[in-house]
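**Student:** Sequential numbering from 71 applies to the sequence shown in the numbering used here.
Below is the structure I would like to discuss, written out as structure tokens.
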Amino acid sequence: MAWVVLLVSAVLEAVWATALGQSDGFTRPLPTVVFLVASAASMAGLGMAMKQIPISVAYSVWTGVGAALTVTWAMLTGEEPVGVLKVLFLVGIVGCVIGLKLVKGPGEDVTSPTAGPAGG
Numbered sequence: 071m072a073w074v075v076l077l078v079s080a081v082l083e084a085v086w087a088t089a090l091g092q093s094d095g096f097t098r099p100l101p102t103v104v105f106l107v108a109s110a111a112s113m114a115g116l117g118m119a120m121k122q123i124p125i126s127v128a129y130s131v132w133t134g135v136g137a138a139l140t141v142t143w144a145m146l147t148g149e150e151p152v153g154v155l156k157v158l159f160l161v162g163i164v165g166c167v168i169g170l171k172l173v174k175g176p177g178e179d180v181t182s183p184t185a186g187p188a189g190g
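Printed below as a string of structure tokens:
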């Protein structure tokens, strides 16, 4: 469950980052409210997930997924140009996030997906 909370929090990170960019220095009310609500929810979810997922992994996944989604959304909406290298690097970020989920720490049972402090 901690991983679901973490991924939802990462999506909310992309939401607040996008809203922050659209708030025009907090002068536009709707994007400002979206930023405030999404950032608070995103941080709360990150904090909850870190009860079961080590901070080194949780924070890396949260920022990596959030950054990848933010850039992807910007490219899909035309705010950011699409380029082969950008897409390649985004795939790299996602690959690294998946790798962090799959790697087990010392003493963790690699045969059980729910073993250890990461909570699977």
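Ideal Cβ placement from N, Cα and C applies to all residues, glycine included.
Could you check the C-alpha separation between VAL180 and LEU77 for me, to the nearest Å?
**Tutor:** Low local confidence applies: a pLDDT of 42 at VAL180 is under 50, so the model's placement there is unreliable, with the coordinate-based value given in what follows. Roughly 22 angstroms between the two C-alpha positions.
**Student:** Less than 9 angstroms between the C-beta atoms of LEU170 and VAL127, yes or no?
**Tutor:** Contact flag set, yes.
**Student:** Drop a sphere of 10 angstroms on the beta-carbon of VAL135, count the other beta-carbons inside from all chains shown, and report buried for 16 or more, exposed for fewer.
**Tutor:** So VAL135 counts as buried.
**Student:** Using alpha carbons as the reference points, say which of ALA110, GLN92 and GLY115 lies closest to THR102.
**Tutor:** The option with the nearest alpha carbon to THR102 is GLN92.
**Student:** Can you round the beta-carbon distance between MET113 and VAL75 to whole angstroms, since I take them to be within the 8 angstroms contact cut?
**Tutor:** MET113 to VAL75, Cβ: 12 angstroms. No contact.
**Student:** If we ignore side chains and look at the alpha-carbon of each, how far apart do GLY153 and TRP143 end up?
**Tutor:** Whole-angstrom Cα-Cα distance: 14 angstroms.
**Student:** PRO99 to VAL173, Cα distance in whole Å?
**Tutor:** So the alpha carbons of these two residues sit roughly 43 angstroms apart.
**Student:** Rounded C-beta distance between LEU139 and ALA80? I'm assuming under 8 angstroms.
**Tutor:** That belief holds up - the Cβ atoms of LEU139 and ALA80 are roughly 7 angstroms apart, short of 8 angstroms.
**Student:** Report buried or exposed for GLU83, applying the criterion of at least 16 other Cβ atoms within 10 angstroms of its Cβ.
**Tutor:** That one is buried.
**Student:** How big is the Cα-Cα spacing for TRP73 and SER130?
**Tutor:** Rounded to the nearest angstrom, the two C-alpha atoms are 13 angstroms apart.
**Student:** If you count every other CB in all the chains shown that lies within 10 Å of the CB of VAL141, and 16 or more means buried, which is it?
**Tutor:** It is buried - the Cβ of VAL141 has at least 16 other Cβ atoms within 10 Å.
**Student:** Helix or strand or just coil, what does DSSP make of SER126?
**Tutor:** Correct three-state label for SER126: helix.
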